[in-house]
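In numbering that gives the first Met the number 0, the protein residues as written are 0 to 397. Before any comments, here is the structure.
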Amino acid sequence: MPLIPRQIGPVLLAALRRFPATVLTGPRRSGKTTLLRSAVPKAQYVLLEDPDIQDRVRRDPRAFLEALRPPVIFDEIQHTPQLLNYIRTIVDGQPRRMGRWLFTGSQEAPLMQGITESMAGRAAVLQLLPFSIAETPKVDMLVGGFPEVVLHPRDRALWYASYLQTYIERDVRSIANVRDLTVFRRFLSLVASRNGQMLNRTDLAAPLGISVPTISEWLHILELTGQVILVPPYFENFGKRLIKSPKVYWGDAGLACHLLGIQSQAELERSPFLGSIFEGFVASEILKSQVNRGQHKELYYFRDQQGLEVDFLVPQPNARFWLVEVKASKTVKPSMAGPMLALTGNTGGRATRRIVVHRKARTGPSFRALSKGVEALTVDQFASEMNGGKGARKTSAS
Ligand SMILES: Nc1ncnc2c1ncn2[C@@H]1O[C@H](COP(=O)(O)OP(=O)(O)OP(=O)(O)O)[C@@H](O)[C@H]1O
Ligand SMILES: [Mg+2]
C-alpha cells in the first residue's frame, strides 16, 4: 500500500540540508521509522534494538561507526546512547557535511533528553505526532490518528489494548517506578475521564489510593511520552484573572475513546464525554499543525475569575492570537461567540480571529460567518486555516 505523505516531510528535508544530524522523536507507533526510511531511501539503516548490534556497539563503538557509510539512520537510539559521543566527534570534525546522521527514539526521558543535550547545536530535533486530519481525512474522533488504526480502523479495539500494554510495560516501566501496573492502567482511564477539565491532582489521587506526588510523576510521564496534552492558562493579564492549573487532554482521541469504553460512533454520540473528546481532538489538531510546520507547540485556554471562558487561544506571529470555541453540537448559534467577543474587547486588537469550531453545521460548508467578526468552521476547514489556508479539503454538505 502506498504511504500517506507526512506533512512534516518538507521540514524534515530542510533540517537535513541544514544540520549534520536530525533526531525524530514522538509517541510510539506514530510513523517515525517509516518517515525517515522513506525520506532518505539511500541511507543505511541500523536498528539499535537488535541485541547483536548493541553488543557490537558495546565492544567497539569506533569500529562500528567506521564500518558505516553515511547517511545512516540509527533507529531507537535510546538503546545505545553512548554512540552519540563518538558521532559528535565525527560531526565536529566535518561540521559542514549535512544530513548524515539520523536518529529516532521514542520519547523516553531522561534518555531522549541526554540525546538532545549531547547533540546540541548539531542536530535538528523534530517531533512526529500521529496523523492529522490535514494528512488524511480518515482521522476522526473514534479512530484517532495512529497510522495502524487509520489503515485498519475495524481492528482498533485490539490494537489499542496491545498498544497500552506495550506502552505501559516498556516505556512507562523503563522510566518510572510503577510498581502496580493495574493501578497505572486505571490511572489512564481516570485521566481520560477528566479530559478537558482543569487538572486537579488530589482528585486523581484519591480514587486510586496513591499520593499526589506520584500522580504528578505519572502525568509527567504521559506528557513526555506524548500521550497527554497539558494546555496552560493564558498568563497575560487582560485586566483580570488568575487561574493556574492547566487543562488536560488525551493526545489521541481514538485512544481516549478506547479508555472510556466508547466503541462505536453511536456510543460516542450518546456519550457525556462527546464534548470534551471533541475539544481534545481540536487541541491535538492545533498542536499537530504547529509541529508539522516545524514550530513550537503553543496553545492556551482563557478563564478569568469572573467566569469568562474561551476554550483556546492560539498564538500567531507578532503577539496576535486567534480565539477558538469548540462546540460538539451540530448546530451553531451566534450566542456561542459571546465569550470570544467579550474577551476581544480587552485584548487591544490582538485577537485577530474568532472561530467557532463545530462538527458539521446543518447549513453546510458555505456557512462561515456566524455573526459579525466570528467564523464558524468545521474541523477540516479549521485545520486547513491553521495550515495557512493551503490544501483545504472541501467538506461536503450533510
Ligand atoms: N506514512 C504512512 N503511511 C502509511 N502507513 C504508515 C505510515 N507511517 C507509518 N505507517 C504504518 O504505521 C506503522 C508504524 O510505523 P513506524 O514503525 O514507522 O512507527 P514508529 O513511530 O517508528 O513506531 P515505534 O515507536 O514502535 O518505533 C507501520 O506498520 C507503518 O506501516
Ligand atoms: Mg520505529
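The beta carbon of each residue, even a glycine, is placed where N, CA and C say it ideally should be.
1) In whole angstroms, what is the alpha-carbon distance linking residue 145 and residue 153?
2) Can you check which of these residues, 33, 285, 271, is closest to residue 387 by C-alpha distance?
3) Which residue comes first and which comes last in the alpha helix (DSSP H) that contains residue 150?
4) Distance check for residue 280 and residue 140, CA to CA, integer angstroms please.
5) Under DSSP, the alpha helix (DSSP H) around residue 211 begins and ends at which residues?
6) Relative to the C-alpha of residue 149, which candidate in 346, 37, 252, 76 has its C-alpha closest?
7) Report buried or exposed for residue 385, applying the criterion of at least 16 other Cβ atoms within 10 angstroms of its Cβ.
8) Quick one, are the C-beta atoms of residue 162 and residue 58 less than 8 Å apart?
9) The alpha helix (DSSP H) with residue 137 in it runs from where to where?
10) Output the residue ranges of the alpha helix (DSSP H) runs that lie fully inside the region 62–145 and measure 4 residues or longer, sorted by chain position.
11) Between residue 343 and residue 322, which are expected to be in contact by the criterion C-beta below 8 Å, what is the C-beta distance as a whole number of angstroms?
12) Where DSSP assigns a beta bridge to residue 315, which residues make up the other side?
13) For ligand 2, enumerate in chain order all residues having a CB closer than 6 Å to any of its heavy atoms.
14) I need the straight-line Cα distance from residue 353 to residue 339, nearest angstrom please.
15) Are residue 327 and residue 381 touching if we call contact CB-CB under 8 Å?
16) By DSSP, does residue 23 sit in helix, in strand, or in coil?
17) Could you compute how far the alpha carbon of residue 10 sits from the alpha carbon of residue 334?
18) Confirm, please, whether the CB-CB distance from residue 373 to residue 357 is below 8 Å.
19) Assuming residue 229 is part of the beta strand (DSSP E), what are its boundary residues?
20) Mind pulling the alpha helix (DSSP H) runs of 4 or more residues that sit fully within the region 248–281?
21) Using 8 Å as the threshold, is the C-beta distance between residue 71 and residue 43 below it?
22) Alpha carbon to alpha carbon, how far is residue 189 from residue 69? Give it in angstroms, no decimals.
23) Roughly how many angstroms separate the alpha carbons of residue 350 and residue 66, rounded to a whole number?
24) Rank 329, 383, 303, 371 by C-alpha distance to the C-alpha of residue 345 and give the top, closest one.
25) With contact counted as at least three CB pairs below 8 Å, one residue from each stretch, are the region 258–266 and the region 281–301 in contact?
26) Report yes if the C-beta distance between residue 191 and residue 255 is below 8 Å; otherwise report no.
27) Does the beta carbon of residue 2 fall short of 7 Å from some heavy atom of ligand 1?
28) Which residues bound the beta strand (DSSP E) around residue 368?
Working from what's here:
1) Taking the first residue of the sequence shown as 1, we reach residue 145 at position 146. Taking the first residue of the sequence shown as 1, we reach residue 153 at position 154. C-alpha separation (whole angstroms): 13 Å.
2) The count along the sequence shown starts at 1 and reaches residue 387 at position 388. Among 33, 285, 271, the Cα nearest to that of residue 387 is on 285.
3) Indexing the sequence shown from 1 puts residue 150 at position 151. Element bounds for residue 150: 146–150.
4) Along the sequence shown, read from residue 1 onward, the residue named residue 140 stands at position 141. Along the sequence shown, read from residue 1 onward, the residue named residue 280 stands at position 281. The alpha-carbon atoms of residue 140 and residue 280 are separated by roughly 6 Å.
5) Stepping through the sequence shown from its first residue, residue 211 is reached at position 212. First-last of the alpha helix (DSSP H) with residue 211: 211–223.
6) As a first step, residue 149 must be located in the sequence shown, where it is residue number 150. For the residues 346, 37, 252, 76, the minimum Cα distance to residue 149 belongs to 252.
7) Here residue 385 corresponds to residue number 386 of the sequence shown, with the count starting at 1. So residue 385 ends up on the buried side.
8) Here residue 162 refers to the residue found at position 163 when the sequence shown is read from its first residue. Here residue 58 refers to the residue found at position 59 when the sequence shown is read from its first residue. No, they are not a contact pair.
9) For the purposes of this step, residue 137 is taken as residue 138 along the sequence shown, with counting starting at 1. First-last for residue 137: undefined, no H or E at that position.
10) 82–92, 110–117
11) For the purposes of this step, residue 343 is identified with residue 344 of the sequence shown, where counting begins at 1. For the purposes of this step, residue 322 is identified with residue 323 of the sequence shown, where counting begins at 1. So it is a contact: roughly 7 Å between Cβ atoms.
12) What you label residue 315 is simply residue 316 of the sequence shown in a count that begins at 1. DSSP output for residue 315 lists 319 as bridge partner(s).
13) 31, 32, 74, 103
14) As a first step, residue 353 is located in the sequence shown; it is residue number 354 there, counting from the start. As a first step, residue 339 is located in the sequence shown; it is residue number 340 there, counting from the start. Cα to Cα, the separation comes out at about 6 Å.
15) Stepping through the sequence shown from its first residue, residue 327 is reached at position 328. Stepping through the sequence shown from its first residue, residue 381 is reached at position 382. Not a contact, by the Cβ cut-off of 8 Å.
16) Residue 23 sits at position 24 when you count from the first residue of the sequence shown. In the structure shown, residue 23 sits in a strand (DSSP, three-state: E or B).
17) Start at 1 with the first residue of the sequence shown, and residue 10 comes out as number 11. Start at 1 with the first residue of the sequence shown, and residue 334 comes out as number 335. Computed Cα separation, rounded: 40 Å.
18) Along the sequence shown, read from residue 1 onward, the residue named residue 357 stands at position 358. Along the sequence shown, read from residue 1 onward, the residue named residue 373 stands at position 374. No, the pair does not count as a contact, with Cβ atoms beyond the cut-off.
19) Reading the sequence shown from its first residue, position 230 is the one you call residue 229. Element bounds for residue 229: 227–230.
20) 252–258, 264–269
21) Residue 71 sits at position 72 when you count from the first residue of the sequence shown. Residue 43 sits at position 44 when you count from the first residue of the sequence shown. For residue 71 and residue 43, yes; Cβs fall inside 8 Å.
22) Residue mapping note: residue 69 aligns to position 70 of the sequence shown, counting from 1. Residue mapping note: residue 189 aligns to position 190 of the sequence shown, counting from 1. So the two alpha carbons sit approximately 46 Å from each other.
23) Within the sequence shown, numbered from 1, the residue matching residue 350 stands at position 351. Within the sequence shown, numbered from 1, the residue matching residue 66 stands at position 67. If I take the Cα positions, the gap works out to 56 Å.
24) Stepping through the sequence shown from its first residue, residue 345 is reached at position 346. Selected option, being the one with the closest Cα: 303.
25) no
26) Working through the sequence shown from its first residue, we reach residue 191 at position 192. Working through the sequence shown from its first residue, we reach residue 255 at position 256. Contact: yes.
27) Counted from its first residue, the sequence shown places residue 2 at position 3. Residue 2: yes, Cβ under 7 Å from ligand 1.
28) Reading the sequence shown from its first residue, position 369 is the one you call residue 368. Residue 368 -> beta strand (DSSP E) spans 368–370.
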